[in-house]
Amino acid sequence: MKRKLITAAIIVVCFLLQTTVFKHLSFSGIEPNLMIIVTATFGFMRGQKSGAIIGFICGFLMDFISGGAVGINMISFTVIGYINGFFMPIFYDDDITLPLGLISASDLVYGVIIYLLVFMLKGDFNFIFYLLHIIIPEVIYTLLVTLILYKIILYFNSKLNVEEQRSASKFV
17 MKRKLITAAI IVVCFLLQTT VFKHLSFSGI EPNLMIIVTA TFGFMRGQKS
67 GAIIGFICGF LMDFISGGAV GINMISFTVI GYINGFFMPI FYDDDITLPL
117 GLISASDLVY GVIIYLLVFM LKGDFNFIFY LLHIIIPEVI YTLLVTLILY
167 KIILYFNSKL NVEEQRSASK FV
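For the record, in the sequence shown the residue sitting at position 86 is 102 according to the working numbering, with numbers rising by one throughout.
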């Protein structure tokens with residue numbers, strides 16, 4: 017129960033930060049994607065099921081706030097969280113390269129999905145411009161924020177893992 021509450025708090029805080037504070041900290045309209053960080057992180061830390069569930073919730077919140085087509089973010093984030101879950105067996109707390117690589121790849125994939133489903137379907141076929149001026153700068157900004165946010169999520173996950181192991185050992 018404690019894990020669910022802390023996870024919900026992380027999602028809500030990141031959602032609020034992304035939709036308020038980071039709107040004012042944007043560079044040329046580019047903002048970091050905190051919900052991708054949360055989705056990918058829970059995927060490779062907790063597995064496919066958790067990644068998909070967290071992705072669905074994050075995607076729902078993003079669809080809700082965007083006012084656009086409902087479902088694009090839910091499906092995208094769910095798949096991204098699920099795919100990141102495949103990397104749980106090779107995830108180690110002290111290795112920052114895997115999280116940075118997976119979060120970068122997740123944000124890049126998300127940017128391409130949004131281009132394909134939103135911009136290209138509207139007749140905007142200038143993918144190179146979108147890639148160079150929106151997707152890649154967002155990935156870089158997201159990576160910079162990941163260096164801080166990932167450590168916070170990792171801290172809470174580690175504390176909860178220790179508590180769960182301690183309570184499980186009481187029953188053995």
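By construction, the Cβ of each residue, glycine as well, lies at the ideal position given by its N, Cα and C atoms.
If you're wondering where the values come from, they're calculated on a predicted model, not measured in any experiment.
Problem set entry | Boundaries (first-last residue) of the alpha helix (DSSP H) holding Pro115 | 113-130
Exercise. With which residues is Phe43 paired in a DSSP beta bridge?
Worked result: Ile46
Exercise. Where does Ala25 fall in DSSP's three states?
Worked result: helix
For this session: Can you have a look at Gln181 and say buried or exposed, based on whether 16 or more other CB atoms are within 10 angstroms of its CB?
Result: exposed
For this session: Report back the beta-carbon spacing between Pro115 and Tyr171 to the nearest angstrom; my notes put them in contact at under 8 Å.
Result: In fact, because the Cβ distance is near 13 Å, the residues do not count as touching under 8 Å.
Exercise. Nearest to Tyr157 by CA position, among Glu47, Met78, Ile119, is which residue?
Worked result: Glu47
For this session: May I have the straight-line CA-CA distance separating Glu179 from Arg62, to the nearest angstrom?
Result: 15 Å
Problem set entry | First and last residue of the uninterrupted alpha helix (DSSP H) at Met78 | 64-82
For this session: List the whole-angstrom C-beta distance separating Gly59 from Tyr98, where the pair is believed to meet the contact cut-off of C-beta under 8 Å.
Result: 7 Å
Problem set entry | Delimiting residues of the alpha helix (DSSP H) encompassing Thr158 | 152-186
Problem set entry | Cβ separation of Val161 and Ile53, assumed to be a contact under 8 Å, to the nearest whole Å | 7 Å
Exercise. How about Asn89 and Met78: do their beta carbons lie closer than 7 Å?
Worked result: yes
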